[in-house]
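Positions in the sequence shown are counted from 1; adding 1371 to them yields this note's numbering.
All residues carry an ideal CB built from backbone N, CA and C; glycine is no exception.
Note that the coordinates shown come from a computational prediction; the quantities given were computed from them, not determined experimentally.
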Amino acid sequence: MRLLLIVSCLLFSTGIAGAQMLLNDSIGKDPAKEKLCALRTKGKTAPFEIDSRYVPSARSFRPDATFIAIDGTSPQFVECYLRQGTGRFEPDSYSPEQSYWHLIRPKGFQPGINTQIGISMALCRLFA
């Protein structure tokens, strides 16, 4: 049983590690729908990367699906589409950052402040 669990975890992790991430600018979107989606979520949009397999999978169910990310205390990935019940183009689901998507953030200071070199550099700048 333990061996089966280990093998399953390894197979699952290699699938995630092998995912190719795409910038949100390259997923093929309608700017008007994206703007409407952002307006209806009442959030500030942010650049993101998404698993290349996710977009075609989601659009196979809803071809008009539009994806945005909103930044804030808890960044969210939002899927909008034309809802049959309301007849409005509006958000359907919100998802926090996960393995299939993440916000694009600036790179951190290198070397890290918790390393010996980083501490030395910080002290030199402090007393310079």
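Under DSSP, the beta-bridge partners assigned to residue 1461 are 1452. Note on geometry: alpha-carbon atoms of residue 1494 and residue 1476 lie some 26 Å from one another. It is roughly 51 Å from the alpha-carbon of residue 1431 to the alpha-carbon of residue 1490. By a beta-carbon distance limit of 8 Å, residue 1439 does not contact residue 1426. Their separation comes to about 13 Å.
Inter-segment contact for the region 1401-1421 and the region 1446-1463 is present: three or more beta-carbon pairs are separated by less than 8 Å. Following the DSSP letters along the chain, one finds residue 1439 inside the beta strand (DSSP E) bounded by residues 1437-1442.
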